[in-house]
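For reference, the structure discussed in these notes is given below.
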Amino acid sequence: MPPTWLYPWSPRARWWCATAPLHPAPRRDPELVEAGQQSARFLYLYALAVAGGAVAYMPFLTLLLPVRATSLSADTALNLLAIAAFAGAISASIANIAFGWASDRSGVRRPWILAGLVLSSSLLLCIPFARDAWTLIAIIVLWQCGLNMMLAPLAAWAGDTIPDEQKGLLGGLLAVAPALGALSGALITLPGFQWWKYQEISVVLFVICMVGPLLIFGRPQAMPQLIRERLADAEMPEKPHASRRAMARMWTARLLVQIAEASLFAFLLLWFRSLDPGFGQNDTATIFSIVLGLAVFCALAAGRWSDRAGRPITPLVWGAAIAALGLLVMAIAPSLPIAIAGYVAFGLASSIFLALHSSQTLRVLPRPQTRGRDLGIFNLTNTLPSLIMPWLTLALVPAYGFDALFLLLAGLAAISAFMLMTMSRQFREIHDAI
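So my numbering is basically just the index in the sequence shown, starting at one, shifted up by 399.
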């Protein structure tokens with residue numbers, strides 16, 4: 400049954416009817432309805448689909464794309480990767496906002512996710528057939544558009560279906576995404592997984608198997624209170640302003656932590672080798688994998704605690720603060736073991752922060768009717784750091800070393816913690832206002 404705002408003569412109603420098989424009837428479990436909770440089954444399927452989104456880009460961007468660029472031209476591979484990263488970040492930013500807005504306007508999420516899955520998978524399979532650099536870049540730009548056609552409505556769907564009382568648990572489950580993304584990269588490089596000539600086929604199959612179950616079997620409990628307008632702006636105009644202030648703080652806090660995380664991701668191996676020239680790629684990958692694995696359990700514990708205690712922002716404050724402390728330890732570390740300990744503290748804290756932040760952001764969006772567009776604006780915090788981080792590194796590391804970079808990043812994380820700490824004191828009032 401389409402929503403009541405889809406009148407029979409409207410284009411959106413005709414579109415709904417055309418895609419009717421993609422809209423299974425929502426479940427109505429009396430116990431869950433009375434408790435105001437979403438089913439665990441849908442939460443797990445949703446987390447698996449989000450992890451599928453991570454698998455869709457992590458192994459390709461970190462492993463397969465450099466190989467393709469080198470096969471086209473070994474001499475210009477670095478320049479090609481830089482151009483592809485820049486063009487991809489721009490197209491991803493625009494596409495995420497655009498398709499989030501489109502899913503808002505259409506009133507449905509599932510068809511957009513399916514279309515994005517088909518388009519991005521098809522374009523990924525075209526990558527091995529690019530015969531020159533500009534063709535490869537063009538395919539990557541289009542692939543980013545298709546990927547964000549899937550990711551933007553998928554992110555907004557959580558806001559439509561998962562109540563505030565379960566957003567901590569949701570954030571904990573979302574920590575699985577980067578861990579599975581990294582694991583998929585390791586799997587496709589194993590000889591046993593190279594069943595065919597092109598490894599992109601393995602990536603596409605993984606993504607379909609992870610996103611498909613949500614599209615086919617995902618029947619969330621109806622949550623009309625999450626979709627309808629909560630308060631008319633004309634009645635209480637100061638309350639949407641409170642929501643926008645909270646949204647601005649959450650956006651800025653995430654951007655600051657993401658800049659630190661992106662910098663460490665790009666230059667971690669170089670920094671370890673500056674302390675110990677014998678430190679290898681496998682050592683770095685092992686530490687990175689351990690941190691991601693531990694972060695899943697820590698994020699689940701922190702998310703469940705925030706749900707039970709009714710303190711959604713507190714884990715974010717602690718996450719940013721511990722990340723700042725870890726960076727400070729890295730800046731002054733006199734030996735490799737202390738440096739590794741500092742990175743583990745930073746990696747765990749930042750991973751927990753980013754996972755829980757993704758779910759708690761849904762609390763502060765000003766209007767359900769623009770949820771997809773607003774999350775697209777939040778997605779800029781994922782793409783902008785890749786444009787900011789190289790300039791910070793080039794300005795500091797050659798002249799002052801990694802210590803100066805880590806001190807700056809520690810300051811950014813500390814500012815993030817302070818912004819969220821002052822917001823946390825007023826969060827209940829802000830949340831009641833919106």
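Idealized CB from N, CA, C, for every residue including glycine. Note that the coordinates shown come from a computational prediction; the quantities given were computed from them, not determined experimentally.
Secondary structure at residue i, three-state DSSP: helix, strand or coil?
i, result
"P636", "For P636, the predicted model reports a pLDDT of 48, less than 50, meaning its position is unreliable and no value from the coordinates is stated."
"Q620", "strand"
"V602", "helix"
"A754", "helix"
"G741", "helix"
"S505", "helix"
"Q657", "helix"
"P894", "The question about residue 894 has no answer, for the chain in this structure spans 400 to 833."
"Q436", "coil"
"S749", "helix"
"W414", "Note on W414: pLDDT 39, under 50, position unreliable in the model; the coordinate value appears next. Looking at W414 - three-state DSSP - the assignment turns out to be helix."
Which same chain residues, not among the five before or five after residue i, have their C-beta less than 6 Å away from its C-beta?
i, result
"S539", "The displayed chain sequence assigns Ile, not Ser, to residue 539. So the qualifying residues of the chain are A483, G487."
"N778", "N495"
"R643", "P765"
"V728", "G741"
"V606", "G451, V454, A455"
What are the start and end residues of the alpha helix (DSSP H) that includes residue i?
i, result
"Y443", "439–458"
"G702", "680–708"
"D559", "532–560"
"P789", "770–799"
"S521", "509–525"
"I835", "Outside the displayed range of the chain (400 to 833) lies residue 835, so it cannot be described from this structure."
"L764", "No alpha helix (DSSP H) holds L764; DSSP gives it neither H nor E."
"P577", "575–587"
"T469", "464–471"
Can you check which of these residues, the options, is closest to residue i by C-alpha distance?
i, options, result
"D802", "L613, L674, G506", "L674"
"P711", "A555, L819, Q437", "L819"
"A813", "A722, A647, A738, L573", "A722"
"L693", "L791, W511, L444, A754", "A754"
"L806", "G570, L726, H756, G499", "L726"
"A621", "T560, L586, G677, I731", "T560"
"G570", "M788, I751, G810", "I751"
"P765", "M649, T475, S438, A551", "M649"
"Y373", "P619, A581, T475", "This structure gives no information on residue 373, because the portion of the chain shown stretches from 400 to 833."
"L786", "L462, A481, L460", "A481"
"V656", "V695, S749, L669, L699", "S749"
"L582", "A661, L791, F687", "F687"
"L516", "G584, L614, L667", "L614"
"L668", "P797, T683, S662", "T683"
"V507", "A555, L541, I489, A708", "A555"
"V690", "P789, V575, G611", "V575"
"L464", "H756, L568, W542", "W542"
Which residues in the same chain have their Cβ closer than 7 Å to the Cβ of residue i, if we skip the five residues on either side of it in sequence?
i, result
"L518", "G545, M548"
"P562", "G435, Q436, Q437, M622, L625"
"L761", "A557, G558, K566"
"A514", "M548"
"V763", "S642, A645, M646, M649"
"T588", "L462"
"P590", "none"
Just to confirm my understanding: we take residue i, look at its own chain, exclude 5 residues before and 5 after, and list those with CB closer than 8 Å. What are they?
i, result
"A417", "Note on A417: pLDDT 36, under 50, position unreliable in the model; no value is reported."
"A529", "R467, L471, L535, I538"
"L524", "Y597, E599, I600, V603"
"T651", "S815, M818"
Measure how close the beta-carbons of residue i and residue j come, nearest whole angstrom, since I'm counting them as under 8 Å.
i, j, result
"P577", "A453", "6 Å"
"C697", "L747", "6 Å"
"L804", "L791", "7 Å"
"L808", "A665", "About 12 Å separates the two Cβ atoms, so there is no contact after all."
"L553", "V449", "7 Å"
"T769", "D474", "Actually they do not touch by this definition, with Cβ atoms about 47 Å apart."
Heavy atom of the ligand MN less than 7 Å from the Cβ of residue i, yes or no?
i, result
"A484", "The ligand MN is absent from the structure shown, which contains no ligand whatsoever."
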